[in-house]
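Protein chains in written order, with the numbering used here: chain A, 1 to 143; chain B, 1001 to 1674.
Written out as structure tokens, the structure is:
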């Protein structure tokens, strides 16, 4: 081994281990992100594969049925029925009209079953030029 | 008023451009008066941006809802603190805050160096003003905070003006959340300064380390703010969001971690340059990368390019950040390659068991983790380019990687400081590591005997003990030596020891803080949880705790509707008090929040979350968690902060290291005169 031989070997071991862990992780822990329209386009391939679907929560669609919470995600005119039966309660940001991401699988009955929901966070960092929507939760009820 | 604000940022934009140009021209053409006028322009930029910020803040405090920004992020009912904090609650205001912080930093740097480093400073000023110009472009033309809904006569410009605003989301109305963005920004923006100095030193072909000495304290303070910002975010997530976790590897969380990782690598590798003249190119690369990662983080949080709970929608602003990054990186790479000759190393690596080697591996592992987090965060974008499918990687993927990486780093924390420069003798190795090593192995054996089988947890506890002992022995040895020579008590001697070399012993304290945090992280492996629907009088068990719901109330006030469960906690028949988790529903924003009931103790937290009401609205859904050792994370964070503050105190004894320093280069060969 030359002067830097030992270093090269150790570095190779460290980097190699990291890459191996990352690659193994990618096989097991990846989810495909799809919009509702893309989901529809997947056809039969959509069933059984772990996916993440995003959309807006249709107003009035949130129902609790037994241990499950059912609601409908919309994107433009497309609707997707979702059933959530995870252990954790739904996030506080989960409400009518909020944007949500559901991580799960599309069942053969057309319902997307998920154990993990993310809903949009409180901080408003997106730029909506000139848009102030007074109908959405404005001054009513506050002093 | 709004015209005043808009004019102020427009003038600031012009002044910043002038400052950059005057600085450059003045330096290149050797015209000192231009350089002085550039300094004045820098101060003018600060004054103007401050004026603009004051106009915006005033509008928020007085509830002037003609301003679109005020209407979107503030309302009458909000407490004063949050009215002020709403300044950075949205896109336009937070970008103005960025500009204001940068202007403040630039002013401080320019003023304190106005008579020093005359060679380099004009370039430093120019770089800072170029960055300032970019953000002022955003403030003026892309995300203007002075958009109006109505003008001063009250004439409506946009439809639907209401006499009250939307208000800040109740999830953000916590003191920790109010200061979390400023802390992070102080950290993000701060790295512009060491970066500007690095570029300045490259341009002026300075082979020495003037720029590192000058910016050392600055870099440390910036890093401290970043650390505080990240910990505040974690503490908020834990106490407010109700899911019991403190870190989810969400893209925006990752964005704050990336510059912290490379910044930590930089803080360590500069020591190599100071003591041995090595890693010169690498340090410039590191500080530039850290700065660009700060910009990337600012970009990721706002552009919607990566799906996150923090940022869903796509925004125009992304394009500008990408252009800025591209131009900046290209220019920096060109400069580095062009000046490579002046950055030659003065020493070389000799042995694997040396201080240099441990810094090398420290950097390697920190940068590997930085790259891994970056890869994971950008993977949806990368995979979409490569395969057309957007693939995201979840928290498990990150934990798989980061746990072993973190443990290796923890190991280095113990051995690195005790390796000698150049080569550590076998005798020294044995002396320093024999007893801590044996103690760690004994601890692991004891834990296995007690039934613990989690591999990573065992390794973690072993390493934690190992590092803790090495640090304590260092304090003891040094303190004992001073105490016996000066007839002092051991404690006083240790304080004296620390004061004599604040960098070293402050650093040891920071490492201790990391050890405590790792103890806290390891507790996660033993978390327990239970979910149950409870009626009055019902019981549940989690861990060793008996929980009994003794009351379930509900009500409404002018701000929110609430449900509260009163839970009696006992262990082994002994009552431990009452916890009252609550669920609130804020009327104005239609936002639900959880007020957790928590009992924090050094060994574990008992954490109760009111999940909601059952379907028939009769019972409360209570989630109960036991989180072992989690408080050590917060304690460790405080120790880390304390250690960093100690590092900033000037040492009693200035350490000088004899070193061959390169003072200059000539392009022609020397000839021997006969």
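Backbone N, C-alpha and C fix where the C-beta goes; we use that ideal spot for every residue, glycine too.
Notebook entry, point to check: Going by Cα to Cα distance, which pick from B/1103, B/1252, B/1631 and B/1026 is closest to residue 1373 of chain B?
Noted result: B/1252
Check: Touching or not, the region 1232 to 1247 of chain B and the region 1620 to 1640 of chain B, by the rule of three or more beta carbon pairs under 8 Å?
Finding: yes
Next item on the list: Report the rounded CA-to-CA distance for residue 1481 of chain B versus residue 1472 of chain B, giving the unit in angstroms.
Entry: 14 Å
Notebook entry, point to check: Does residue 22 of chain A come within less than 8 Å of chain B when only Cβ atoms are used?
Noted result: yes
Check: Quick one: is residue 1651 of chain B near chain A, going by C-beta distance under 8 Å?
Finding: no
Checklist line | Positions along the region 1096 to 1117 of chain B whose CB lies within less than 9 Å of some CB in chain A | finding: none
Next item on the list: Give the DSSP bridge partners of residue 1627 of chain B, in chain order.
Entry: B/1605
Notebook entry, point to check: Between the region 5 to 30 of chain A and chain B, which residues of the former have CB atoms less than 8 Å from a CB of the latter, in chain order?
Noted result: 6, 7, 10, 11, 14, 15, 17, 18, 21, 22, 24, 25, 26, 28, 29 and 30
Next item on the list: Report the rounded CA-to-CA distance for residue 1052 of chain B versus residue 1044 of chain B, giving the unit in angstroms.
Entry: 12 Å
Check: Beta-carbon separation of residue 1168 of chain B and residue 1239 of chain B under 8 Å?
Finding: no
Next item on the list: Look up residue 1392 of chain B in the DSSP assignment and say whether it is helix, strand or coil.
Entry: strand
Item checked: Cβ separation of residue 1534 of chain B and residue 1620 of chain B, assumed to be a contact under 8 Å, to the nearest whole Å -> 5 Å
Check: Are the Cβ atoms of residue 1466 of chain B and residue 1440 of chain B separated by less than 8 Å?
Finding: yes
Next item on the list: Tell me residue 1556 of chain B's beta-bridge partners as DSSP assigns them.
Entry: B/1561
Next item on the list: Report the neighbours of residue 1429 of chain B on chain A: residues whose CB is nearer than 9 Å to its CB, in chain order.
Entry: Residues of chain A passing the Cβ test: none, with the nearest at roughly 16 Å.
Check: Straight-line CA distance for residue 1009 of chain B to residue 1196 of chain B?
Finding: 23 Å
Next item on the list: Below 9 Å between beta carbons is the criterion; list the residues of the region 1363 to 1380 of chain B that meet it against any residue of chain A, in chain order.
Entry: 1364, 1365, 1368, 1369, 1371, 1372, 1375, 1376, 1379 and 1380
Check: Secondary structure at residue 1123 of chain B, three-state DSSP: helix, strand or coil?
Finding: helix
Check: Among the residues of its own chain, which have a CB less than 6 Å from the CB of residue 62 of chain A, if the five just before and after it don't count?
Finding: 71
Margin query: Check whether chain A comes within 8 Å of residue 1009 of chain B, counting only Cβ atoms and requiring the distance to be less than that.
Written below: no
Next item on the list: Assuming residue 1133 of chain B contacts residue 1013 of chain B (C-beta within less than 8 Å), just tell me the rounded distance between them.
Entry: 7 Å
Notebook entry, point to check: Secondary structure at residue 1143 of chain B, three-state DSSP: helix, strand or coil?
Noted result: coil
Next item on the list: Could you confirm whether any beta carbon from chain B is found closer than 8 Å to the beta carbon of residue 84 of chain A?
Entry: no
Check: At least one CB of chain B closer than 8 Å to the CB of residue 107 of chain A: is that the case?
Finding: no
Next item on the list: Name the residue from A/22, A/27 and A/55 whose alpha carbon lies nearest to the alpha carbon of residue 80 of chain A.
Entry: A/55
Margin query: Let's test the definition: count the other Cβ atoms within 10 Å of the Cβ of residue 1314 of chain B and tell me whether it reaches 16, buried, or not, exposed.
Written below: Only weak support is given to the placement of residue 1314 of chain B: the predicted model assigns it a pLDDT of 48, under 50, and the question is left unresolved by the model.
Notebook entry, point to check: Which residue's Cα is closest to the Cα of residue 27 of chain A: B/1400, B/1573 and B/1647?
Noted result: B/1400
Item checked: Burial state of residue 1080 of chain B (16 or more Cβ within 10 Å) -> exposed
Checklist line | Beta-carbon proximity of residue 1287 of chain B to residue 1170 of chain B, cut-off 8 Å | finding: no
Margin query: Can you confirm whether residue 1222 of chain B, when its beta carbon is compared against all beta carbons of chain A, has any partner nearer than 8 Å?
Written below: no
Notebook entry, point to check: Is the CB of residue 115 of chain A under 8 Å away from at least one CB in chain B?
Noted result: no
Note to self: Quick check on residue 1461 of chain B: buried or exposed, where buried means 16 or more other Cβ atoms within 10 Å of its Cβ?
What the structure shows: buried
Next item on the list: Enumerate in chain order the residues of its own chain whose CB-to-CB distance from residue 948 of chain B is below 8 Å, with the five nearest sequence positions on each side excluded.
Entry: With chain B running from 1001 to 1674 in the structure shown, residue 948 of chain B is simply not present.
Note to self: If distances are taken between C-alpha atoms only, which option among B/1391, B/1123 and B/1046 comes closest to residue 1028 of chain B?
What the structure shows: B/1123
Next item on the list: Below 6 Å CB to CB, which residues in the same chain sit around residue 1235 of chain B once its five sequence neighbours on both sides are set aside?
Entry: 1176
Notebook entry, point to check: What are the start and end residues of the alpha helix (DSSP H) that includes residue 1587 of chain B?
Noted result: Looking at the DSSP string, residue 1587 of chain B is not in any alpha helix (DSSP H), and its letter there is neither H nor E.
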